[in-house]
Amino acid sequence: MKPISILSLVFLFITVFSKAQMDDKFYQPNKTMKPFEFKISEQINFPVENDTITAFIAKTDTKNPRKTIFYFHGAAGNVTTYQFMTKPLVDAGYQVVMIDLRGYGLSTGKPNHKNIAEDGQKIFDELMKRPDIKNTKVYIYGASLGTQIAAHLAKDNISEISGLILDCPMASFTDIAAHFTPQYKDFILQSMISPYAAKEDVKALGKLPLLVIHGKEDKTIPYEQGKLVFDNAAGTKVFIESEGDHLQGLVNNKEEILKAIDKL
């Protein structure tokens with residue numbers, strides 16, 4: 704057997720390392736659903752290719768809610784994991800659409816950057832046909848990893864939404880991969896390109912209102928990445944410096960955040 708050339712080894716390393724860092728390592732779905740702590744008015748199943756995606760709509764006691772929030776959660780768990788964030792929104796009078804993309808909760812399949820983006824758009828398109836959603840002001844809320852699809856959806860649907868909320872956003876898949884593997888930082892930043900990135904997508908939001916929530920005590924996503932995303936947006940924008948660790952804004956700064964969302 705001929706020895707593998709150095710060039711081949713480098714190519715193999717880039718291929719394997721890139722796949723691990725830019726796809727598989729990002730998504731940590733959990734299939735175990737906890738009981739909902741608030742009333743779920745509807746469960747919707749969306750067929751995509753050979754898989755099914757599940758969304759839950761939580762309506763408020765208000766007969767005609769003024770606002771609808773599409774909520775995209777973080778890398779781990781499923782929609783029930785993030786009730787500490789969605790319940791305050793429902794309690795405040797917002798109609799909230801919670802989506803488990805492929806692999807999460809009751810949804811089937813395996814998530815990756817490509818199908819997450821495509822499926823998010825399909826679900827958004829379908830739900831925006833409903834009078835109980837399209838006749839309200841619509842906002843997109845992304846938490847942690849969910850900020851990437853949230854910003855991407857907002858960029859592609861500016862005319863249909865009234866604002867974007869990014870809670871503890873990462874600048875891009877590439878930036879966060881470099882943060883967690885500092886020994887390969889230079890290689891990652893030079894060799895890998897995110898398929899979409901919040902830090903770039905916010906540049907195309909125009910006048911769409913943006914709310915960014917991030918705290919200096921965040922041990923998961925560097926505060927500087929959230930600030931970069933905020934600074935790259937040119938339109939109307941508000942930054943709330945939250946207290947506590949990752950995604951603790953709606954726990955420790957609830958009233959301030961709800962007030963800011965109401966004003967978007």
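The opening position of the sequence shown corresponds to residue 704 in my numbering, with each subsequent residue numbered one higher.
Note that CB positions come from ideal geometry on N, CA and C, so glycine has one too.
Values in this document were obtained by computation on a predicted structure and should not be read as measured data.
- When C-alpha distances from Thr-839 are compared across Pro-750, Met-831, Asp-794, the shortest belongs to Met-831.
- Residue nearest to Lys-837 within the set Arg-769, Pro-750, Ile-924, Ala-758 is Arg-769 (criterion: CA-CA distance).
- Only residues of its own chain outside the window of five on either side were considered, and among them Asp-822, Lys-825 have a CB closer than 7 Å to the CB of Val-751, listed in chain order.
- Contact between the region 928 to 935 and the region 866 to 882 is established, with three or more Cβ pairs separated by less than 8 Å.
- In the three-state DSSP reduction, Asn-935 falls in the helix class (H, G or I).
- The bridge partners DSSP lists for Phe-739 come to none.
- Note on the region 889 to 959: whole beta strand (DSSP E) runs with a minimum of 3 residues are 913 to 917, 940 to 944, in chain order.
- Val-793 and Phe-741 have their alpha carbons spaced roughly 8 Å apart.
- Met-801: member of the beta strand (DSSP E) spanning 798 to 803, first to last residue.
- Residue nearest to Gly-909 within the set Ala-937, Thr-811, Leu-961 is Ala-937 (criterion: CA-CA distance).
- Exclusion of the five residues before and after Leu-856 leaves Gly-823, Gln-824, Phe-827, Ile-843 as the residues of its chain whose Cβ lies within less than 7 Å of its Cβ.
- Burial check for Gly-947: the Cβ neighbour count within 10 Å stays below 16, so the residue is exposed.
- Per the DSSP secondary-structure output, Asn-860 pairs with nothing in a beta bridge.
- Inside the region 750 to 814, DSSP marks whole beta strand (DSSP E) runs of 3 or more residues at positions 754 to 761, 770 to 775, 798 to 803, from first to last along the chain.
- In the three-state DSSP reduction, Asn-838 falls in the coil class, being neither helix nor strand.
- Scanning Val-915, Asn-818, Pro-925, Phe-759 for the CA closest to the CA of Gln-786 turns up Phe-759.
- With contacts defined by Cβ atoms closer than 9 Å, Tyr-797 and Thr-763 form a contacting pair.
- Taking the Cα positions, Ala-778 is about 12 Å away from Ile-879.
- For Ala-846, the three-state secondary structure derived from DSSP is strand.
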